[in-house]
Amino acid sequence: MGFLAFLIIPLLILGISGILFIYREVVRLMSRSAMKNKVVVITDAVSGLGKECSRVFHAAGARLVLCGKAWEKLEALHDALISVADPSVTFTPKLVFLDMGDINNIQAVGKEILDCYGCVDVLINNASMKIKGPAHSVTLELDKKIMDANYFGPITLIKAILPHMISRRTGQIVLVNTIQGKLGVPFRAAYAASKHAIQGFFDCLRAEVEEFDVFVSTISPTFIRSYHVQPQPGNWEASIWKFFFRKLSYGVHPVEVAEEVLRTVSRRKQEVFMANPIPKAALYVRTFLPELFFAVVATGVKEKHFAEEEK
Ligand SMILES: NC(=O)c1ccc[n+]([C@@H]2O[C@H](COP(=O)([O-])OP(=O)(O)OC[C@H]3O[C@@H](n4cnc5c(N)ncnc54)[C@H](OP(=O)(O)O)[C@@H]3O)[C@@H](O)[C@H]2O)c1
C-alpha cells in the first residue's frame with residue numbers, strides 16, 4: 270500500500286501539472302487570437318513591463334500605439350519589435366510622445382492617439398512614477414508631481430478616449446496598478462496615495478460604463494522581479510519547473526505579468542491580484558484585523574532621511 274502511494278502520488282502530481290500546463294497554453298493561444306487587429310494603446314511602453322506588454326500584444330497581431338516620454342527608447346522598441354516579427358501577421362506599431370506629468374498636453378495627445386487608427390479598442394495604463402522616502406521628507410511639490418503622473422495624467426487620457434468608446438459601444442480600459450493601491454506600506458506614502466486614488470477611480474468607472482459595453486480591468490502585481498531572466502519558449506520541462514518555481518518565489522516575472530495583461534484583456538477580467546499567499550493574506554488582515562496589520566508593518570521600520578526617486 271505504502272509503495273503504491275509512493276508511486277501513485279508523484280504520477281498524480283505530474284498528471285495534474287501537465288493538465289494545468291496544457292490549459293494555460295490553450296488559454297494563451299486563445300488570448301492571442303482575440304487580439305488580432307485590435308487597436309491597443311500602451312502608456313509608458315518603454316518601461317520594463319511596458320516593453321513586455323508591447324512584445325506580447327504585437328506578436329498577437331494587435332495594432333499598437335506605443336506611448337512614452339523617451340523618444341529614442343520608443344524608436345528602439347519599435348525597431349526591436351519589427352525586427353523579430355512576421356510582417357504578414359503583425360502591424361508596424363505607431364509611436365506617440367506622452368509625458369503623463371504634462372497634464373495640459375494630454376487632451377491633445379489623446380486626440381493624436383485616436384487619429385492613429387480612428388479608434389481605440391484597448392487602453393493599457395501602465396505609466397507610473399515611483400518614489401520612496403519618509404512622508405515628511407517628500408516635498409509637497411513632489412507629492413503633486415506623483416499625483417499628476419499616476420492619477421491626473423491617466424484620468425485625463427481616459428477622459429479623452431472614453432467618449433469614443435462609449436459612442437462605439439465597445440472598448441476596454443486597463444490599469445496596471447500595484448498591491449500598494451490597496452495596502453499602504455511605510456515610506457511609500459505619495460506612491461501608495463496616488464495608486465489608491467487611481468484604483469478608486471477605476472472601481473467607480475467600472476460600474477458606470479458597463480452599460481455601454483466598455484470594460485474596466487485592474488491588474489495589481491506585488492513586486493515584479495528582474496527583467497533579465499527570460500523563459501525559453503518551447504522547453505516544456507523548463508516551463509513546468511518555472512511555473513512551480515514562480516508560484517513559490519516572491520515576486521512575478523515581467524513576462525508573466527505581460528501574459529496576464531493579455532489574458533485579462535481577452536477574457537475581460539475585472540480585477541487581478543498577482544501575489545503570493547502572504548501579500549494576499551495581508552489584504553484580508555488589513556480589512557478584518559487592521560490593528561494587527563498596522564503593528565506588523567510598523568515593525569522594523571527604519572526612518573530614512575532623504576526621499577529618493579527610484580529609477
Ligand atoms: N516594478 C515593480 O515591482 C512593480 C510592482 C507592481 C506594480 N508595478 C507597476 O507596473 C507598471 C510598470 O512599472 P515598471 O516597473 O515596468 O516601470 P519601470 O521599469 O520601473 O520604469 C518606470 C518608467 O516610468 C516612466 N515614467 C516616469 N514618469 C513618467 C511620466 N511622467 N510619463 C511617462 N512615463 C513616465 C519612466 O520613464 P523614464 O525612464 O523616461 O523616466 C520609466 O520608463 C507601473 O504602473 C507600476 O506601478 C511595478
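Counting from 270, one number per residue, gives the positions in the sequence shown under the working numbering. Just so it is clear, CB atoms sit at the ideal spot from N, CA and C, and this is done for glycine as well. Keep in mind the model is a prediction, meaning the values are calculated, not measured.
- From the listed residues ALA458, SER489 and VAL296, the smallest Cα separation to GLY520 is found for SER489.
- Closest in C-alpha terms to ILE351, from the list LEU367, ALA339 and ARG332, comes ARG332.
- Every unbroken stretch of the beta strand (DSSP E) spanning 3 or more residues and falling wholly within the segment 316-403 is given here in chain order: 332-337, 363-366 and 391-394.
- Residue LYS320 holds the alpha-carbon nearest to the alpha-carbon of HIS522 among ASN306, ILE430 and LYS320.
- Set against 6 Å, the gap from the CB of LEU364 to the closest heavy atom of ligand 1 is not smaller.
- When distances are taken from the beta-carbon of VAL315 to the heavy atoms of ligand 1, the shortest one is below 6 Å.
- Taking C-alpha positions only, LEU392 is separated from ILE547 by approximately 31 Å.
- Straight-line measurement puts the Cα of TRP340 at about 20 Å from the Cα of PHE326.
- DSSP places LEU444 in the strand class (E or B) of the three-state scheme.
- Here the alpha carbon of TYR460 sits roughly 14 Å from the alpha carbon of ASN395.
- In this structure, DSSP gives PHE562 a helical state, which the three-state scheme calls helix.
- A distance criterion of 6 Å places the beta-carbon of MET543 beyond contact range of ligand 1, judged by its closest non-hydrogen atom.
- A check of alpha carbon separations from PHE456 across VAL526, GLY387, CYS388 and HIS405 identifies HIS405 as the nearest.
- Between GLY370 and ILE430 the beta-carbon gap is near 18 Å, outside 8 Å, which marks them as no contact.
- Beyond the five residues adjoining it in sequence on each side, GLY453 comes within less than 6 Å, by CB distance, of ALA461 in the same chain, given in chain order.
- GLU528 and SER486 have their C-alpha atoms roughly 15 Å apart.
- Checking the 6 Å criterion, the Cβ of LEU392 is out of range of every heavy atom belonging to ligand 1.
- Under DSSP, MET543 shares a beta bridge with PRO490.
- PHE563 places its beta carbon 7 Å or farther from that of VAL554.
- Per DSSP, reduced to three states, the secondary structure at VAL534 is helical.
- Note that the C-beta distance between VAL365 and VAL389 is not below 7 Å.
- For PHE557, the three-state secondary structure derived from DSSP is helix.
- For ALA459, the CB stays at least 6 Å from every heavy atom of ligand 1.
- Considering only LYS413, SER316, ARG475 and HIS465, the residue with the shortest C-alpha distance to ILE427 is ARG475.
- The Cβ atoms of VAL526 and LEU318 lie closer than 7 Å to each other.
- A Cβ-Cβ distance of about 17 Å is found for the pair PHE421 and ILE382, leaving them out of contact under the 8 Å criterion.
- From the listed residues PHE360, ILE467, LYS451 and VAL443, the smallest Cα separation to LYS305 is found for PHE360.
- Less than 7 Å divides the Cβ of ARG537 from the Cβ of PHE484.
- Per DSSP, reduced to three states, the secondary structure at VAL570 is coil, with no helix or strand assignment.
- Proximity of the beta carbon of PRO490 to ligand 1 is indicated: a heavy atom of the ligand is located closer than 6 Å.
- When the five nearest sequence neighbours on each side are left out, no beta carbon in the same chain lies closer than 7 Å to the beta carbon of ASP355.
- Per DSSP, the continuous alpha helix (DSSP H) segment holding VAL478 begins and ends at 458-478.
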